[in-house]
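> The structure that follows is given in the form of structure tokens.
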Amino acid sequence: MPHTGLITLEQFIVDQQSLYKESRGSLSRIFRSLELAAKVVNRDVRKAGLVDILGNHGSTNTHGEDQKKLDVIANEVFIAALSKSGEVAVIISEENDDPVFIEGCENEKYIIAIDPLDGSSNIDVNASIGTIFSIYRRSNFAQPPTASDCMQKGKHQVAAGYIIYGSSTMLVYTTGLGVNGFTLDDSIQEFCLSHPSIQTPKDGKIFSVNEGNLQDFPDGIKRYVQYCKEKDKATNRPYGARYIGSLIADFHRNLLKGGIFMYPATEKMPNGKLRLLYECNPMAFIVEQAGGQASTGTGRILDLLPTNLHQRAPIYIGSSNMVDQCVQMLTEDDSLVNN
Ligand code: AHG
Ligand code: MN
Ligand code: MN
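Basically this note's numbering = 1-based index in the sequence shown + 675.
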């Protein structure tokens, strides 16, 4: 694999440390734990077809969804590694009803939110899956942590990122100083800088949405999906449709190539499907840092104040001009459009 100067993730973080607002070394220690857990989960994902870790675990998570064995494994591995970093007071996970308070770390500064295995319906069919993480700072770390410490707006994230277990394994993250991507070189087991300073195109050519739910979408989104499929040379339409059902894979492709990912609210799911703290906020922070946008349809994702650890939010995320167009059509007055 060609390397762009062989800069490892660890070296990159050390080099950037003087630019961080956070205390020296804290983020390095958290990232070392994330990196270790990512390598362990990557190993398990790679051998999933060989050993008995595919399929359902036989339990359900807090959202009433079947947990896959790899969901459970990834959850345990990330929590165990992050608990040992010595920097994290509390971990909230899509897979746990309640926050995990780390013993002996009651006065530490950081909170981690994780979706340990995103795209789990794709595990059994060997398509890309991933881990999403997000880091917040506690406002008052003199007190023991509580669940309400975790109810922060996404704009207060200190860092966010994801690991995609795809045709290669990558870690992509931001600390608010742009977005950088690192590819795992299997032979030396190091994440090496492969995608420095990622910028997402302002105008993309891909739309990603579960069109099977179209009949339940708001009228404005039905119109936007139709708009994506219309022919128009000036705007490069029709756009290509790409949707695999792993946010991480759909997002990653669109981030690099330009596009929009949508998970609208429907009558059945008035807040959409994706979870604000584990999915929407980290991706929104990353996309904004790469020059894109993330909206609920009525406002910026990162401005939404969570009231529940597991709350969901509708999301329109990706290339800036595409999100603008989509939100404009969503909010257009239906009576004017129908006239
Ligand atoms: P998870 O595997 O963490 O539960 O997340 C699945 C999410 C997300 O990754 C994906 O974009 C979305 O569910 C797909 O939903 P549909 O199958 O309804 O399209
Ligand atoms: Mn997910
Ligand atoms: Mn998940």
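Heads up, the beta-carbon is just placed ideally off N, CA and C, and yes, glycines get one too.
Bear in mind the structure is a predicted one, so any value in this text is a computation, not a measurement.
What does the Cβ neighbour count give for T849, buried or exposed, with the cut at 16 atoms within 10 Å?
The sequence position of residue 849 within the sequence shown is 174, counting from 1. By the 10 Å Cβ count, T849 comes out buried.
> Would you list the residues sitting across from S883 in a DSSP beta bridge?
Counting from 1 along the sequence shown, the entry for residue 883 is found at position 208. According to DSSP, which records beta bridges pairwise, S883 is partnered with F936.
> Please work out which residues of its chain come closer than 7 Å, Cβ to Cβ, to L681, disregarding the five sequence neighbours upstream and downstream, and give them in chain order.
Taking the first residue of the sequence shown as position 1, residue 681 is located at position 6. So the list reads C867, once near-sequence residues are dropped.
> Report whether the distance from the Cβ of S1017 to the nearest heavy atom of ligand 1 is below 7 Å.
In this structure the chain extends from 676 to 1014, so residue 1017 is not present and cannot be described.
> Within a Cβ cutoff of 6 Å, which residues of the same chain sit near V765, ignoring the five residues on either side of it in sequence?
Residue 765 sits at position 90 when you count from the first residue of the sequence shown. Within the same chain, V765 has close Cβ partners P774, F776, I786, P820.
> If I follow the unbroken alpha helix (DSSP H) through M997, where does it start and stop?
Within the sequence shown, numbered from 1, the residue matching residue 997 stands at position 322. Taken as a continuous stretch (DSSP letters only), the alpha helix (DSSP H) holding M997 covers 995-1006.
> Helix, strand or coil: which one does DSSP assign to T1015?
Absent from the model: residue 1015. The displayed extent of the chain is 676 to 1014, so no value can be given.
> Any idea if N1014 is buried or exposed, counting beta-carbon neighbours within 10 angstroms, 16 or more meaning buried?
For the purposes of this step, residue 1014 is taken as the residue at position 339 of the sequence shown. Its pLDDT being 44, under 50, N1014 is placed unreliably in this model, and the coordinates cannot settle the point.
> Quick check: the segment 952-967 against the segment 825-842, are at least 3 beta-carbon pairs closer than 8 Å?
Yes, since at least three Cβ pairs between the segment 825-842 and the segment 952-967 fall closer than 8 Å, the two stretches touch.
> Would G805 pass as a contact of I767 if the rule is Cβ separation under 8 Å?
The residue you call residue 805 lines up with position 130 of the sequence shown. The residue you call residue 767 lines up with position 92 of the sequence shown. No, Cβ-Cβ distance for G805 and I767 is not below 8 Å.
> Excluding the 5 residues preceding and the 5 following R898 in the sequence, name in chain order all residues of the same chain whose CB lies nearer than 6 Å to its CB.
Residue numbering aside, residue 898 sits at position 223 when the sequence shown is read from its first letter. Here the set comprises M1004.
> Figure out for me which residue from F882, G887, D799 has the closest Cα to the Cα of Y902.
Sequence index remark: in the sequence shown, residue 902 carries index 227 (1-based). Closest option to Y902, Cα to Cα, is F882.
> Under a Cβ-count criterion, where at least 16 other Cβ atoms within 10 Å of its own Cβ denotes burial, should M676 be classed as buried or exposed?
As a working note, residue 676 is residue 1 in the sequence shown. For M676, the predicted model reports a pLDDT of 49, less than 50, meaning its position is unreliable; a value from the coordinates is still stated below. The residue in question, M676, is exposed, as its Cβ has fewer than 16 Cβ neighbours within 10 Å.
> Would L930 and I873 be called neighbours here (beta carbons separated by less than 8 Å)?
Within the sequence shown, residue 930 is the residue found at index 255, counting from 1. Within the sequence shown, residue 873 is the residue found at index 198, counting from 1. Going by C-beta atoms, L930 is nearer than 8 Å to I873.
> Straight-line CA distance for I807 to A755?
As a working mapping, residue 807 is identified with position 132 in the sequence shown. As a working mapping, residue 755 is identified with position 80 in the sequence shown. Cα to Cα, I807 sits roughly 16 Å from A755.
> Considering only the beta carbon of each residue, do Q864 and K722 sit closer than 8 Å?
In the sequence shown, residue 864 corresponds to position 189, counting from 1. In the sequence shown, residue 722 corresponds to position 47, counting from 1. No, they are not a contact pair.
> Look at the alpha carbon of Q818 and the alpha carbon of Y840, and state the distance between them as a whole number of angstroms.
Translated into positions along the sequence shown, residue 818 becomes position 143. Translated into positions along the sequence shown, residue 840 becomes position 165. Those two C-alpha atoms are separated by around 38 Å.
> Tell me the rounded alpha-carbon separation between E762 and L745.
Here residue 762 refers to the residue found at position 87 when the sequence shown is read from its first residue. Here residue 745 refers to the residue found at position 70 when the sequence shown is read from its first residue. Going from the Cα of E762 to the Cα of L745 covers about 26 Å.
> DSSP puts R813 in a beta bridge; with which residues?
Against the sequence shown, residue 813 aligns to sequence position 138. Per DSSP, none; premise fails for R813.
> Can you tell which of K906, Q890, A822, G920 has its C-alpha closest to the C-alpha of I798?
As a first step, residue 798 is located in the sequence shown; it is residue number 123 there, counting from the start. Measuring from the Cα of I798, the nearest candidate turns out to be G920.
> In angstroms with no decimal places, state the Cα-to-Cα distance between P893 and S796.
For the purposes of this step, residue 893 is taken as the residue at position 218 of the sequence shown. For the purposes of this step, residue 796 is taken as the residue at position 121 of the sequence shown. One C-alpha to the other measures close to 26 Å.
> Please tell me whether, using a cut-off of 7 Å, the distance from the CB of D925 to the nearest non-hydrogen atom of ligand 2 is below it.
Walking along the sequence shown from the start, residue 925 turns up at place 250. Incorrect: D925 has no Cβ contact closer than 7 Å to ligand 2.
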